[in-house]
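Below is one structure, written out as structure tokens, with a few remarks after it.
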Amino acid sequence: MREVEGTKELVKEICPTCGDHDSKEYTWMMFPGSDTFARMPFHAVHATLEKGIPYFTS
9 MREVEGTKEL VKEICPTCGD HDSKEYTWMM FPGSDTFARM PFHAVHATLE KGIPYFTS
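So in the numbering used here, spot 18 of the sequence shown is number 26, and the numbers just go up one at a time.
And the structure:
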């Protein structure tokens, strides 16, 4: 998506949890059961935490 950087977005999503969020604002997320950290957009982090992370079982 770097090629569209700097363009004005046509549709603005309003999230009921974080409101009129800045989609480019990043935060750190630690995955449960591991020492793995990821730098992700805030909206993606809270959406992932609300839905829960699926665990793979054999």
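Don't be surprised by glycine CBs; every beta carbon is placed ideally from N, CA and C.
Beta-carbon spacing of P49, Y34 below 7 Å:
For P49 and Y34, yes; Cβs fall inside 7 Å.
Drop a sphere of 10 angstroms on the beta-carbon of M38, count the other beta-carbons inside from all chains shown, and report buried for 16 or more, exposed for fewer.
Exposed, by the Cβ-count rule.
C-alpha gap between W3 and A52, whole angstroms:
Nothing in the structure corresponds to residue 3, since the chain is present only between 9 and 66.
If I measure Cβ to Cβ from A46 and keep anything under 6 Å in the same chain, skipping five residues before and after, which residues do I get?
Contacts found: M37.
Rounded Cβ spacing between D30 and I22 (contact assumed at less than 8 Å)
Contact check for D30 and I22: beta-carbon distance about 13 Å, past the 8 Å limit, so the pair fails to qualify.
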